[in-house]
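If you're matching them up, the sequences are chains B, X, S and W in order.
Per the working numbering, residue 1 is the first one in the first sequence, and the count goes up by one each step.
Per the working numbering, residue 1001 is the first one in the second sequence, and the count goes up by one each step.
Per the working numbering, residue 2001 is the first one in the third sequence, and the count goes up by one each step.
Per the working numbering, residue 3001 is the first one in the fourth sequence, and the count goes up by one each step.
We put the CB at the ideal spot given by N, CA and C, even for glycine.
Since this is a predicted model, take the numbers as computed values, not measurements.
There are 4 protein chains.
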Amino acid sequence: MLYDRQSDKWREECGIFGVFARQENVALNTYWGLYALQHRGQESAGIAVTDGNVMDVQRGMGLVNEVFRHSLPDMPAHIAIGHVRYSTTGSSLLRNTQPLLVNYSGGQISLAHNGNLTNAHEIREGLEQRGSVFQTSMDSEVLVNLIARSSRQTIEEKIVDTLTNIHGAYCLVIMTENKLIGVRDPHGFRPLCLGRLGDGWVLSSESCALDTVGAEFVRDIEPGEMVSIDDKGVASRQFVEPGRLAGCVFEYIYFARPDSVIDGQSVYQARFNMGRTLARESGFKADIVISVPDSGTTAALGYSQESGIPFAEGLMKNRYIGRTFIQPEQKKRDMGVRIKLNAVTSVVKGKSVIMVDDSIVRGTTSGKIVRMLKEAGAKAVHMCVSSPPIGFPCYYGIDISVRKELIAASKRVEEIREFIGADSLHYLSLAGLHASIGNIPQKTLCNACFNCDYPAEIPCERDCANNKFLFEPKSK
Amino acid sequence: MLYDRQSDKWREECGIFGVFARQENVALNTYWGLYALQHRGQESAGIAVTDGNVMDVQRGMGLVNEVFRHSLPDMPAHIAIGHVRYSTTGSSLLRNTQPLLVNYSGGQISLAHNGNLTNAHEIREGLEQRGSVFQTSMDSEVLVNLIARSSRQTIEEKIVDTLTNIHGAYCLVIMTENKLIGVRDPHGFRPLCLGRLGDGWVLSSESCALDTVGAEFVRDIEPGEMVSIDDKGVASRQFVEPGRLAGCVFEYIYFARPDSVIDGQSVYQARFNMGRTLARESGFKADIVISVPDSGTTAALGYSQESGIPFAEGLMKNRYIGRTFIQPEQKKRDMGVRIKLNAVTSVVKGKSVIMVDDSIVRGTTSGKIVRMLKEAGAKAVHMCVSSPPIGFPCYYGIDISVRKELIAASKRVEEIREFIGADSLHYLSLAGLHASIGNIPQKTLCNACFNCDYPAEIPCERDCANNKFLFEPKSK
Amino acid sequence: MLYDRQSDKWREECGIFGVFARQENVALNTYWGLYALQHRGQESAGIAVTDGNVMDVQRGMGLVNEVFRHSLPDMPAHIAIGHVRYSTTGSSLLRNTQPLLVNYSGGQISLAHNGNLTNAHEIREGLEQRGSVFQTSMDSEVLVNLIARSSRQTIEEKIVDTLTNIHGAYCLVIMTENKLIGVRDPHGFRPLCLGRLGDGWVLSSESCALDTVGAEFVRDIEPGEMVSIDDKGVASRQFVEPGRLAGCVFEYIYFARPDSVIDGQSVYQARFNMGRTLARESGFKADIVISVPDSGTTAALGYSQESGIPFAEGLMKNRYIGRTFIQPEQKKRDMGVRIKLNAVTSVVKGKSVIMVDDSIVRGTTSGKIVRMLKEAGAKAVHMCVSSPPIGFPCYYGIDISVRKELIAASKRVEEIREFIGADSLHYLSLAGLHASIGNIPQKTLCNACFNCDYPAEIPCERDCANNKFLFEPKSK
Amino acid sequence: MLYDRQSDKWREECGIFGVFARQENVALNTYWGLYALQHRGQESAGIAVTDGNVMDVQRGMGLVNEVFRHSLPDMPAHIAIGHVRYSTTGSSLLRNTQPLLVNYSGGQISLAHNGNLTNAHEIREGLEQRGSVFQTSMDSEVLVNLIARSSRQTIEEKIVDTLTNIHGAYCLVIMTENKLIGVRDPHGFRPLCLGRLGDGWVLSSESCALDTVGAEFVRDIEPGEMVSIDDKGVASRQFVEPGRLAGCVFEYIYFARPDSVIDGQSVYQARFNMGRTLARESGFKADIVISVPDSGTTAALGYSQESGIPFAEGLMKNRYIGRTFIQPEQKKRDMGVRIKLNAVTSVVKGKSVIMVDDSIVRGTTSGKIVRMLKEAGAKAVHMCVSSPPIGFPCYYGIDISVRKELIAASKRVEEIREFIGADSLHYLSLAGLHASIGNIPQKTLCNACFNCDYPAEIPCERDCANNKFLFEPKSK
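#1: Taking 7 Å as the threshold (C-beta atoms), are V64 (chain B) and A48 (chain B) in contact?
#2: Under 8 Å between beta-carbons, which chain W residues line up against Q98 (chain B)? List them in chain order, please.
#3: For I2288 (chain S) and R3184 (chain W), what's the separation of their Cα atoms in angstroms?
#4: Please return the same chain residues whose Cβ sits closer than 8 Å to the Cβ of L1341 (chain X), not counting the five positions on each side in sequence.
#5: Could you check how far apart the C-beta atoms of C2446 (chain S) and G2308 (chain S) are, in whole angstroms? I think they sit under 8 Å.
#6: Can you confirm whether V1356 (chain X), when its beta carbon is compared against all beta carbons of chain B, has any partner nearer than 7 Å?
#7: Going by C-alpha distance, which of X:V1337, X:A1343, X:F1284 and X:C1384 is nearest M1355 (chain X)?
#8: Please list the partners that Y2104 (chain S) has in chain X, where partner means a Cβ-to-Cβ separation under 9 Å.
#9: Helix, strand or coil for T50 (chain B)? Go by DSSP, reduced to three states.
#10: Residues in its own chain within less than 6 Å of Q2098 (chain S) by CB, not counting five upstream and five downstream?
#11: A2235 (chain S) lies in the beta strand (DSSP E); which residues open and close that run?
#12: Decide if the stretch 2399-2418 of chain S is in contact with the stretch 2431-2446 of chain S; the criterion is three or more beta carbon pairs, one per stretch, under 8 Å apart.
#13: With the cut-off set at 7 Å, would you say R1244 (chain X) and E1216 (chain X) are in Cβ contact?
#14: Would you say V2054 (chain S) faces chain X, with C-beta separation under 7 Å as the test?
#15: On a CA-only basis, which of W:G3214, W:L3210 and W:Y3395 is nearest V3261 (chain W)? Give me that one, please.
#16: Identify the continuous alpha helix (DSSP H) that holds A2431 (chain S) and give its terminal residues.
#17: For the alpha helix (DSSP H) that contains Y3268 (chain W), what are its first and last residues?
#18: Which value, in whole angstroms, describes the spacing of the CA atoms of G3107 (chain W) and E128 (chain B)?
#19: I'd like the span of the alpha helix (DSSP H) that includes M138 (chain B), first residue to last.
#20: Just to confirm, is the Cβ distance from I79 (chain B) to T50 (chain B) under 7 Å?
#21: By alpha-carbon positions, which one of S:G2421, S:I2253 and S:S2424 ends up nearest to H2434 (chain S)?
#22: So if I threshold CB-CB distances at 9 Å, which residues from the stretch 2060-2078 of chain S count as touching chain W?
#23: For the stretch 2015-2027 of chain S, list every residue whose C-beta sits within 8 Å of some C-beta in chain X, in sequence order.
#24: Going by DSSP, what residue range makes up the alpha helix (DSSP H) through N65 (chain B)?
#25: Answer yes or no: does any C-beta atom of chain B fall closer than 7 Å to that of S1266 (chain X)?
#26: Do we get a CB-CB distance below 7 Å when we pair S1316 (chain X) with the residues of chain B?
#27: Using 10 angstroms around the beta-carbon of E2024 (chain S), count the other beta-carbons present and answer buried if the total reaches 16, otherwise exposed.
#28: Hey, G3275 (chain W) and D3357 (chain W): beta-carbon distance below 7 Å or not?
#29: How about I2420 (chain S) and S2366 (chain S): do their beta carbons lie closer than 7 Å?
#30: Using the DSSP secondary-structure output, state which residues sit across from G2247 (chain S) in a beta bridge.
#31: May I ask you to list, following chain order, the residues of the stretch 138-161 of chain B that have a beta carbon less than 7 Å from some beta carbon of chain W?
#32: Spatial neighbours of P2328 (chain S) within its chain, please: C-beta separation below 8 Å, excluding the five flanking residues on both sides.
In structure tokens:
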């Protein structure tokens, strides 16, 4: 996952989707599927299709409805895969759009990836030593090179051969001329599920996209499972024993859409329970419970129900936040929060308020929101966060540089409370978090950013130098 | 107001904003102000500015951040006005963007208008007889022509002279080389308020835009009031005695942002009260209360509080609904609701549900949502609408052609319930609606679309022929 | 006409085109007609159409194939008019695109104008006094207002009524719901011709556009003539006695395409003859004759034929000069000529060269080209200009401010020669110019920019103050 | 080279440019260089830059001034390379833009290629067998893979190692973090030259681009030569013995700009001589010589001079031919020639005309032009072609499928004359062509498309099956 400076949140990086269907417009279904997964990535989008012979791909920068405003890949096709990617800043990102589409000795292959590989850099160096060239800065390019180099016979075996050497987080949808393949890493870091669409099949990061295209949810892909879909149906194999299960807990806290169900756990119910647990743990009393919309709302409703304190919409969100702003003046930066959120004075004035948000990364935005509420007349703002303090970076994401900005890495809760200007501050305990995600055994989640318990090898030799304090006691 | 077929809602047509400030970047403030008013119109946007000598205007099709993606009017300026307009379909709409900017005998004038004039057509014909030409199909062009033809001396007098002959709904922000003028019609159909921005002044359709630019709310402009702002400050005059007051009740039901306060009534509180009243009126019992997001949420919270039935998010909305879709197949149309909304199965499954929405126009969308909830396992869906049945068209809007599609014009409530497939259906009573908007005397609101009690002359002689059944008993 | 600083040339400002045809796609024919007239204006383009009831117009900034890249006005139609406009710089020019389309008391009217009115400002002030408003800065808006205000009965009479009060240059194509009307001013400043397209009719600024759409040239519209085309055919009237005939001599020198025939004179032959006359007048001897492409080429060929000195392509022009350049550095400006033109060393090295260009306005570009030729090894550069020195501004254009930059207004020929660094310099004599345009009587051309003999009233009272030295002796 | 159906011409496919300069804006110089090479490719453009550490590339579809309308790669840099590519039709061509930019074991490398490799397919298959993947359909991707796999030490040795295995046509500019390298294949199929820009160096497909950026021509890169440019200057090596020299004769006939000098031969002089030779060979008599502009003009001038028959501009070309047309109707296709060219009636009417064009591929366009001239009144049209009949496809291009459409492959000259409707038809003899390109020894040119004498291995085993008649006698 990535850090989004503007909203002061972790962000999911990607969403993936795939369709195998003889009776459907697979490109169009992929379009709508990506549309439903848009919250997982707004930087770029792409769709690749095949008719069994030719493959084509259309990729571009922007939202799904911008990239495909004038056209979709318009050849007849019975397989399609798609990808959305999170918005970061930087130039020449056009190169880094997915799905990748390559020719190799076995034909054509297209691949879309959600996740981050922890040993991509080493493998890439090894591949370069053996003569490979890389045209993008994406981990995923390592995967297609490994697949292409595998000496195994079938595409499935080549993929298994490849993944044997790969560490980190990955869900993949892969398309050959006649197969749609879905893979989930042995830790199950990222979600992937299977759906039935008429006579065909769908793979999707989240079940909400199945609903959107009218597909029926069949099941989650298991950690370490590969499904291979062709005209004969769905063949499954456990390509590797599941490792220590480690579903990213942030999918439940913030990333996924509440109407998705991941690994048997309704995201909505998890968030609602987090709010209930928060209410029990914090014991805060106040006139109303409000949320930082939209992500904090479900937990706030749980808090309200558990505590009996009424929920109200104390903050309104501008529904037309666009991707691109003119930046004529520095003033814009100061307006950062005000252009997105506004306090509802009639709701908060004279009230003591419990404000529920899902997480705090650097704490800058939280401080502004607290100030906004106080200016609108809130008597007191008691902040509840539906996740524990984030003290450690995500190594299955990229942005290690955020390490030193994590407010909880260097400040105690009381200091953070002071920093953001709240009257009280309570973080959900790790135990409380786990209890809230009740359908998922605690030990099958990755909570490393809370407790530094990384479920798999981390790229220690590469980063320890700069993060000595972090890794000396912990490198595994 | 207009009818939006896609969402089956009335829609507000326009938002207006103006700034007079020597120490501020007035174009940038107008940009952010329009940004906050974006919900009032997504078709086009425009900003006009002046430095006291030259006027310039930049207008275009699209959202505020699209029209001004690369630039704002970049001359130094101390007055600016802006306009956003609702998205309709049709070609060559570029002509119909605002603010209008014209030269006339008195210099330059720029004007932005929210509302609809009921006698624009007649006056336009009269003006044409006297030699005027019209380059757009906007009512507002009539206004600038009348102002230009007025024989009065000052701009304020010219405007008053003009408005004497005008019937219908209008809030205006008008800019001359050295003045910013705001006007609200004597019925007060549309909102307009005044704010203080540093040493300068702001006019805005809604108070939420004042918050966004950091301006302090001063007061509403009164029905029949004109404020004229220049370096000497704000001069007010009651240019006409207030008529029968008739603030559009739909601003409270649906149009305005909940964080706005209109004529002393918090929109949020009004909606919340509507929900409470609905609960009392309907007496529905169920497991949960849900809303059709986002507009039904505040009322649903009120329903929940009054009834004690827990509120839950039973429907999730895709936050990335874009303006433009590819339309490759008819299938898209069938997907209409699914791409916007999805039922949260874990919330509604096995539950009896009270679903709160703000209004029903044709009823097509409501039926699809009810079906979606049932497919997700809802045992029963009791629909509550936070407004009375809409039986009559809005003559202060345009789309008279919708008349025959108003489901409540031809069907009784029980028939409507059957049509949409709900288990129960309750509309808020008109009395209940008025009670909910408690700070506003009932008789000062326009409820004509509910009770055919048009507060002002309607263009009877023009439309009666086609709508005989409607106007014969009622034309006034 | 306008001054184009980048190329140091006068430029034509507009091209107009109209079609009345029941059996043709009139919008498409207008598209191709404008395409052929693109050299007359590259800033903006527009097409208006009517089916007898509704009128629609599509206008935009850019070349014809940019403005209509995705669509043409797509209603069925049997009349269309179109307009291209010259590229100037400045903001908010979108307002100033044509055709204008207005509603007035008589219905709808659309108008496209080539020319400049010398009393537009006065009339506009008068119209403003009488209550008209103006939304553009185009002369043409005055015309539609006058037509709309005319008390005459028919559209033809209204137009005549209007033109009675108008001074200056105008060719117009005007469209009503059922007529296509073409008008040429009594001086015949700008060209306009009539063609036959199947069973229909075409009006065009130049005959080359008739060729492009496959229409047959019928005749020129006469100065002071109006043709009114409807289903009954072409009705002509001499709406005013021709004034002093004054066809713009620059149409022959530079503006029109050589494949056009204007008022019976082939543009190609005129330019060729100018070159022959130049040869006789100058008597220059040299190894080769070259041209400044493309506009100087035809005259250079005439020079070559008359003198017997071989013509060669000594300067190559980049065929991909685009409208828009990045402007990252000032360096770009220095590259001005080099990016457009390059000397062909193998042609000019060691040679004495006669270089033919059509005109010199400020002389800056000519100097750069001479330098380029010398750097490529030319022994001597004898410059021949196929027009007399430009000492006076064009009052039937706009850019009076260029007055002080006309090199020939303040410098004698020998000084100019020195300024541009040529070894010799000869301007075509006025008599020689007239002799070259042999089919047109000398006294029927406007040569005012050469000899200050303005054929019609000029806006003296307005500009004399600043240009005292020019107008005192000469105002008429 | 490629076949352009619209103009019925062979087309050059690419232009390349590179700069190494510490004191210059290398990206901007590359921009202007590509601008001057735009005639070599209008489909896409790209510029890659490096500052010694980081490399960046910006690529896009369209003309140079479209791709870089808003920005150039904006990092500080001292090396840049650029590429323009010819416009073909088809989807997803964005993938096939250059320069390529890859990471490999030795660091980063960027490469731009002009030419076609005849064994790219085989090598690509071999590379795929060894594990390489390919993301584009460009030959050039084979080159970067071979370089990356080379076991040699230096980049220069790696390149040499690579090229040892490559057959076909290639000029390359290659950029590493600290070097700019230029390579020309041992046959010298395509041009490449070296220039001095201040203290730095420039490589360019044609010398005209050196003139444009103000660089001084130093020399041509020799067939089989590699130049390696860094801070120490230019190091040259003959990396392979020149093969049978085979400069593409079409560079002189049509591709290159006349103001370029290639391998010591002025393109202008060559074309002029072709015209003179044509005059001697054909012996046609007529009233005037005209050209099909622009490419036939220089030869027509030579014809005129040799024959003493005056040259005239009998055909005018629309200077605003854009890349993209709306295609609303089939009518457009019929307008194909008319929208580009128009006969100048005053020039050709009643005249017998010698029309000079550079080449005939299918003959369709020639026929339309002859018809146009006759309709304009030409008494007779004698067509002269400044190249021999094209009977054989270019294997150093791509479009083998054109083979069967070459009119001269199946028709004798007299039949072709009849097909195009000319009164006479003369093709330049091969000997005459060679004599015209006098500075270049005949045997050092590739004339395979005229005489099937392919200078290097052709992909026989792949195509012979379908082109049996061609290759049986000739395969080598």
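Let me spell this out:
#1: Here A48 (chain B) is not near V64 (chain B), since their CB atoms are 7 Å or more apart.
#2: By Cβ distance, chain W contributes nothing, its closest Cβ being about 12 Å from Q98 (chain B), past 8 Å.
#3: Cα-Cα distance, rounded: 36 Å.
#4: The answer, listed in chain order, is V1292, P1293, L1315, M1316, K1317, N1318, I1369 and M1372.
#5: Actually they are not in contact, since the Cβ atoms of C2446 (chain S) and G2308 (chain S) sit about 34 Å apart, beyond 8 Å.
#6: Not an interface residue.
#7: Looking at the Cα atoms, X:C1384 is the closest of the given residues.
#8: Listed along chain X are E1128, G1131, S1132, V1133 and F1134, each with a C-beta nearer than 9 Å to that of Y2104 (chain S).
#9: It is a strand residue.
#10: Only G2046, H2083 and A2112 meet the Cβ criterion.
#11: Looking at the DSSP string, the run of the beta strand (DSSP E) that includes A2235 (chain S) is G2233 to Q2238.
#12: By the Cβ criterion, the stretch 2399-2418 of chain S is not in contact with the stretch 2431-2446 of chain S, since fewer than three pairs of Cβ atoms, one from each stretch, lie closer than 8 Å.
#13: No. Outside cutoff.
#14: Not an interface residue.
#15: The shortest C-alpha separation from V3261 (chain W) is found at W:L3210.
#16: DSSP places A2431 (chain S) inside the alpha helix (DSSP H), whose first and last residues are L2430 to S2436.
#17: Counted as a single uninterrupted DSSP element, the alpha helix (DSSP H) harbouring Y3268 (chain W) occupies residues V3267 to S3282.
#18: Looking at the two C-alpha atoms, the distance is approximately 9 Å.
#19: Counting along the chain, no alpha helix (DSSP H) covers M138 (chain B), and no H or E run does either.
#20: It is a contact, given that the beta carbons lie within the stated cut-off.
#21: Among S:G2421, S:I2253 and S:S2424, the Cα nearest to that of H2434 (chain S) is on S:I2253.
#22: Listed in sequence order: L2063, V2064, N2065, E2066, F2068, R2069, H2070, S2071, L2072 and D2074.
#23: Within the stretch 2015-2027 of chain S, no residue places its CB atom closer than 8 Å to a CB of chain X.
#24: Here the alpha helix (DSSP H) through N65 (chain B) covers V64 to V67.
#25: Answer yes: the Cβ-Cβ gap between S1266 (chain X) and chain B drops below 7 Å somewhere.
#26: In the sequence as displayed, the identity of residue 1316 (chain X) is Met instead of Ser. Taking Cβ atoms only, chain B reaches closer than 7 Å to M1316 (chain X), which makes this a yes.
#27: Its Cβ being crowded by 16 or more others within 10 Å, E2024 (chain S) is buried.
#28: No, the Cβ-Cβ distance between G3275 (chain W) and D3357 (chain W) is not below 7 Å.
#29: In contact: I2420 (chain S) and S2366 (chain S) (Cβ atoms closer than 7 Å).
#30: In DSSP, G2247 (chain S) forms a bridge with S:L2445.
#31: Per Cβ criterion, the list reads V144, N145, A148 and R149.
#32: With a pLDDT of 41 at P2328 (chain S), under the threshold of 50, the modelled position of this residue cannot be trusted, and the question is left open.
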